[in-house]
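Just so it is clear: in the sequence shown, position 343 is 343 by the numbering used here, and no numbers are missing.
Ideal placement from N, C-alpha and C gives every residue a C-beta, glycine not left out.
Input: a single structure, listed below in structure tokens.
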Amino acid sequence: GVIGGLAAVPAPLAAEWLTVPDESLVVARGSALDFSGLSAPGPAGVAGRVIVGASGALSFAQAPDRRARLNCASIAWSPATGGFPDHRTADLYAEQLRIHGYNLVRFHYVEATLMTDRKGDFDFDPEALDRFRYFLAALKRQGIYWVFDVLTSPNGARGDVFPHRWVEKHDLKLEVYVDDGARRHWRRLAETLLGAVNPHTGIRPLDDPALALVVLANENGLEFLSLLQSRKTGQAYPDKLRPAFNAWLRKTYPNEGALKAAWGGLETGESLGAGTVHFPRDRFDPGPRMRDKQRFFLDLEAETFGWMERELRSLGYRGLVTSYNNWGSTAADLTRGQLSVVARHGYFDEVLGYEPGESITQRSSLDDEAGYVRSLAAARWLGRPFVVTEYGHPFWNRFRREAGLVLPAYAALQGWDFVCRHAEGAIDLSTRQSAPRKRQLTPYGIGLDPVARAGETLAALLFHRGDVAPARGVAAIPLGGERDLVDQGQGDWPADLTTVGLMTKLGLVAPPAEASTGSPRLVLTPAASEPQ
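Structure, rendered in structure tokens:
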């Protein structure tokens, strides 16, 4: 490891590498790297809840005409990285986050950490739960708001998941669409983690104005989940959804004859009455069957989001919600177009595992003109908040230095509301670590990676401080209705459209193009490569 074990550098390496004598990574107050002044004084929530302001951007309730400046740190702690810290360390960590220029934290996989080594459902580790709650209070005191995923792990809070919580023993993220038991589990998860009084703040997180945004389920789009499952099963779409698909077809078509007429026939063994109509066998297989699958997914995603939001509102939550923050496709864009806050994820040369045999390209993100950034730009719906709850250009890629410049700079140019570089911890307090994943550089160990940390410093300046000003122009891509359903599952916008996002603001609008944009200067159409 480059950082782990610096105190004892082997002799052959001593001639090539400079030993760093100081183990502390704590930034001193008042130093040149103290960015705490970039955030407003006082505890989180002092200016009221985070809301959608008058301009369609995130604002604070007491200043709805002024955009909220938010800089997000990712917290995806697990036992492998040390878990939630003790109270003393939590206070120091929260203070250091503010000094580093953060005023927002996104929590990820909280339920997995709390359920580690637990045998019963919802049997949260009491010490870990207390540490989590204390850390929320410590962040609030430092003026740091929270973003929270209700459901991150497909295991949810089910017990008896071994050897660790990252084994996919259950399938709650898919089942919550079609199974009442999974939905009850989701509601209980929200009620348990967010609906109980935090003894360290005196109120429920749901009632706390420090809770800026709730992600109802992380990366829960149906096409995205189907793609992940197809890598294991070889099927384009999961059988668990077929009964719901057949029920949708029966509501959509008056009889089997009408379905056959629309599709040009059914295959041998398929019957609408018997519920045996199957999905397309290939996600890139065009035709009326694919189009109906797309319509079904859109309807089911809208229904599920509506149910989740109603359940959270019934628990008393009055803040902002979002979901479907997975990767790009125009079908997913249509679903996200129904949300009041739009979120997306984007990676370049993403590392999906640490086991031998994993590969990366070692390419530069500039080789394709920052394609992952352009894809994000084209997913934004103009006139409402747009947030990037995960992005990354991780180690081992030798060009990862680009992440601290390319995405924050373009995020500022686009006028996005916040961006969050995915990390198992945005900062660390020391190079001396005992946790297994803290003994060397890892892809999402941002706090111990000097290149990534330098990039996050740039992000605090370029994006949070506003060193890059938002573009004055805007280019709008009209999207809406059946005519914009593509004949494949994973269709996304072409490069000749998204390249405009390198020059000016870019986003989606519901036709007519003037809706929600404030008279855009450019209107782009998906069928054309030139502005019209």
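Helix, strand or coil: which one does DSSP assign to residue i?
i, result
"residue 141", "helix"
"residue 17", "coil"
"residue 104", "strand"
"residue 259", "helix"
"residue 243", "helix"
"residue 510", "coil"
"residue 132", "helix"
"residue 180", "helix"
"residue 496", "helix"
"residue 284", "coil"
"residue 535", "Any answer about residue 535 is impossible in this case: the structure gives the chain only from 1 up to 532."
"residue 381", "strand"
"residue 226", "helix"
"residue 74", "strand"
"residue 351", "coil"
"residue 430", "strand"
"residue 451", "helix"
"residue 523", "strand"
"residue 24", "strand"
"residue 532", "Because residue 532 sits at a pLDDT of 30, beneath the cut-off of 50, its placement in the model cannot be relied upon, and the following sentence gives the value as read from the coordinates. In this structure, residue 532 counts as coil in the three-state DSSP scheme."
"residue 37", "helix"
"residue 375", "helix"
Who pairs with residue i in a beta bridge, going by DSSP?
i, result
"residue 346", "391"
"residue 505", "474"
"residue 217", "151"
"residue 421", "391"
"residue 320", "213"
"residue 146", "105 and 211"
"residue 67", "59"
"residue 386", "342"
"residue 52", "58"
Could you give the C-beta distance for residue i and residue j, rounded to a whole number, given that I count them as a contact under 8 Å?
i, j, result
"residue 140", "residue 61", "In fact, because the Cβ distance is near 16 Å, the residues do not count as touching under 8 Å."
"residue 365", "residue 372", "7 Å"
"residue 25", "residue 449", "That belief does not hold up - the Cβ atoms of residue 25 and residue 449 are roughly 11 Å apart, past 8 Å."
"residue 96", "residue 27", "6 Å"
"residue 74", "residue 471", "That belief does not hold up - the Cβ atoms of residue 74 and residue 471 are roughly 26 Å apart, past 8 Å."
"residue 435", "residue 421", "Going by Cβ atoms, the distance from residue 435 to residue 421 rounds to 20 Å, so no, they are not a contact pair."
"residue 377", "residue 335", "No, residue 377 and residue 335 are not in contact; Cβ-Cβ is about 18 Å, not under 8 Å."
"residue 460", "residue 71", "6 Å"
"residue 417", "residue 57", "6 Å"
"residue 263", "residue 286", "That pair is no contact at about 13 Å."
"residue 145", "residue 104", "5 Å"
Between the C-alpha atoms of residue i and residue j, what's the straight-line distance to the nearest angstrom?
i, j, result
"residue 462", "residue 31", "19 Å"
"residue 228", "residue 42", "43 Å"
"residue 280", "residue 469", "46 Å"
"residue 161", "residue 511", "48 Å"
"residue 379", "residue 180", "31 Å"
"residue 533", "residue 155", "Residue 533 falls outside the range modelled here, since the chain spans only 1 to 532, and no answer is possible."
"residue 344", "residue 110", "20 Å"
"residue 339", "residue 273", "34 Å"
"residue 37", "residue 50", "20 Å"
"residue 230", "residue 283", "10 Å"
"residue 233", "residue 409", "40 Å"
"residue 240", "residue 267", "20 Å"
"residue 505", "residue 121", "46 Å"
"residue 86", "residue 217", "28 Å"
"residue 81", "residue 40", "31 Å"
"residue 370", "residue 88", "41 Å"
"residue 451", "residue 401", "6 Å"
"residue 68", "residue 119", "42 Å"
"residue 291", "residue 226", "16 Å"
"residue 431", "residue 23", "5 Å"
Among the residues of its own chain, which have a CB less than 8 Å from the CB of residue i, if the five just before and after it don't count?
i, result
"residue 15", "none"
"residue 331", "223, 294, 297, 298, 485, 486, 489 and 491"
"residue 405", "455, 458 and 462"
"residue 253", "259, 262 and 272"
"residue 135", "84, 85, 90, 93 and 94"
Give me, in chain order, the residues of the same chain whose beta-carbon lies closer than 7 Å to that of residue i; leave out the 5 immediate sequence neighbours on both sides.
i, result
"residue 517", "Any answer about residue 517 is weak, because its pLDDT of 46 lies below 50 and its placement is not dependable; what the coordinates show is given next. Taken in chain order, the residues that qualify are 382, 383, 474, 476 and 509."
"residue 349", "360, 361, 363, 393 and 397"
"residue 300", "177, 222 and 244"
"residue 93", "85 and 429"
By Cβ distance, which residues of its chain are closer than 6 Å to residue i, with the 5 residues on each side in sequence left out?
i, result
"residue 78", "113"
"residue 411", "419 and 463"
"residue 443", "351, 394 and 395"
"residue 116", "79 and 165"
"residue 178", "244"
"residue 132", "84"
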